[in-house]
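All remarks here apply to the structure that follows.
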Amino acid sequence: MGFLDKAKEVLSENAEKVEAAIDKAGDIIDEKTQGKFKDAVDEVQDAAKNIVEKGSEKSGEAVENATDKGDQQT
1 MGFLDKAKEV LSENAEKVEA AIDKAGDIID EKTQGKFKDA VDEVQDAAKN IVEKGSEKSG
61 EAVENATDKG DQQT
């Protein structure tokens with residue numbers, strides 16, 4: 001397993017924590033910039049959360065595929 005595979009696995013296992021961190025980071029940026037870039041920050045937060053969700057879905061699919069392959073071999 002390569003580094004990126006391991007990173008994706010860790011990300012998918014902790015998706016809720018990662019999304020919470022994304023929200024917190026956005027809130028801090030909004031606070032420090034006094035909301036000047038709120039719309040841009042919100043867009044980046046949404047994009048980052050979509051990446052997390054897609055990564056979680058793909059990891060789930062990989063587990064299902066591996067399970068299906070194991071069932072076919074018996």
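Residue numbers (full-length UniProt numbering): 1 to 74.
Cβ atoms here follow ideal geometry from the backbone N, Cα and C, with glycine treated the same way.
Buried or exposed (CB count within 10 angstroms, at least 16 for buried), residue i
i      : result
Val-10 : exposed
Nearest candidate by alpha-carbon position, reference residue i, set the options
i      : options                           : result
Val-41 : Glu-57, Ile-22, Ser-12 and Phe-3  : Ile-22
Gln-45 : Ala-25, Ser-12, Gly-55 and Glu-57 : Ala-25
Contact under 9 Å by Cβ, residue i with residue j
i      : j      : result
Asp-27 : Phe-37 : no
Lys-49 : Glu-13 : no
Gly-55 : Lys-8  : yes
Glu-43 : Ala-15 : no
Boundaries of the alpha helix (DSSP H) in which residue i is found, first to last residue
i     : result
Phe-3 : 3 to 13
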